[in-house]
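A.B. asks: Numbering (numbering that gives the first Met the number 0), first residue to last: 0 to 186. Ideal Cβ positions, reconstructed from N, Cα and C, are used throughout, including at glycine.
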Amino acid sequence: MQFTTAFLASAAALTASALPQSIVTPIPADAKFGVITIRSGSPIHNQALQAARNSLLVGAKSQNASCDADTNFATFYINDEELFLYAASATPQTIFVDRSGMGMGKIGYVTGAEPLGRNWETRGWAIGANNELQFDGTGIQACPGAIDGSWSIWLQGLEKPGWNENCTTVAGTAIKTDNPIGCLYTQ
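Okay, structure coming up:
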């Protein structure tokens, strides 16, 4: 009996170690990237993050952005822990998070020298394990009922961010792009 248990345990360990491990190529620090939402069984699984009306979204019919080429997803880059919407020649658009009681995890963006709100933070963005986009070690979630049937993107941590219902956590997975498309997104 002890032999069988020991044999099964060692066989299971050997089998598990022989299984292929997921290989994720880290994104270089200066790379431009898109972000897709991963949430199996969700209507927003494998959907690209978009930017419109000072918010990040997923599942919108159109971003209505002024882009260098036709696209319906946002391109990002991180510089000194700040997350930016990519534009080859336009004024920078900086992503912020409001973790205060008033902001409830709101994620949005400002354009150029537009002032930040009192509790808005811009530093703390990073691409973590499995290329997951995070702010200060925290991932994102998506809430239905935004523009044109899209879902709004919020920081994880509250069940009802911005009083939204039926939100779901997602892995915001960054995917490097070698041919970034620059856009100026709507405000």
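Taking the Cβ atom as the reference point for each residue, do Val-96 and Glu-120 lie within a distance shorter than 8 Å?
C.D. replies: Yes, the pair counts as a contact, with Cβ atoms nearer than the cut-off.
A.B. asks: Report the residue from Met-103, Leu-56, Ala-87 and Asn-63 whose alpha carbon sits nearest the alpha carbon of Gly-161.
C.D. replies: Nearest of Met-103, Leu-56, Ala-87 and Asn-63 to Gly-161, Cα basis: Met-103.
A.B. asks: Reducing DSSP to helix, strand and coil, say where Ala-128 ends up.
C.D. replies: In the structure shown, Ala-128 sits in a helix (DSSP, three-state: H, G or I).
A.B. asks: What three-state label does DSSP hand Pro-42 in the structure shown?
C.D. replies: Coil, per DSSP.
A.B. asks: Please state the DSSP three-state secondary structure of Thr-4.
C.D. replies: Reliability fails at Thr-4, whose pLDDT of 37 lies under 50, so the model's placement of it is uncertain and the value that follows must be treated cautiously. It is helical.
A.B. asks: Classify Arg-98 as buried or exposed, calling it buried when 16 or more other Cβ atoms lie within 10 Å of its own Cβ.
C.D. replies: Result: buried.
A.B. asks: Would you check if the segment 65-79 and the segment 152-166 touch, i.e. whether three or more CB-CB distances between them fall below 8 Å?
C.D. replies: Taking 8 Å as the limit for Cβ pairs, the verdict is that the segment 65-79 does not touch the segment 152-166.
A.B. asks: When you compare only the Cα positions, how much space is there between Thr-24 and Ala-141?
C.D. replies: Approximately 25 Å, taken between the alpha carbons.
A.B. asks: To the nearest angstrom, how far is the alpha carbon of Thr-185 from that of Gln-62?
C.D. replies: Going by the C-alpha atoms only, they are around 8 Å apart.
A.B. asks: So, under 8 Å CB-CB, Leu-56 and Ile-152 are touching, yes? Tell me the CB distance rounded to an integer number of Å.
C.D. replies: 6 Å between Cβ atoms; contact.
A.B. asks: Just to confirm, are Leu-48 and Cys-182 a CB contact at a threshold of 8 Å?
C.D. replies: Cβ atoms of Leu-48 and Cys-182: not closer than 8 Å.
A.B. asks: CA-CA distance, Ser-16 and Tyr-76?
C.D. replies: Note that Ser-16 scores 42 on pLDDT, short of 50, meaning its location in the model is unreliable and no value can be drawn from it.
A.B. asks: Go through its chain and collect everything with a Cβ distance to Ile-35's Cβ below 8 Å, but skip five positions before and after it.
C.D. replies: Taken in chain order, the residues that qualify are Asn-45, Gln-46, Ala-47, Leu-48, Gly-171, Thr-172 and Ile-174.
A.B. asks: So, helix, strand or coil for Gly-116, using DSSP?
C.D. replies: Of the three classes helix, strand and coil, the one that applies to Gly-116 here is coil, per DSSP.
A.B. asks: I'd like the list of long-range same chain contacts for Pro-27, defined as Cβ closer than 8 Å, with 5 residues on each side in sequence excluded.
C.D. replies: For Pro-27, where only same-chain residues beyond five positions count, the Cβ hits under 8 Å are Lys-175.
A.B. asks: Any idea if Asn-178 is buried or exposed, counting beta-carbon neighbours within 10 angstroms, 16 or more meaning buried?
C.D. replies: Exposed: under 16 other Cβ atoms inside 10 Å.
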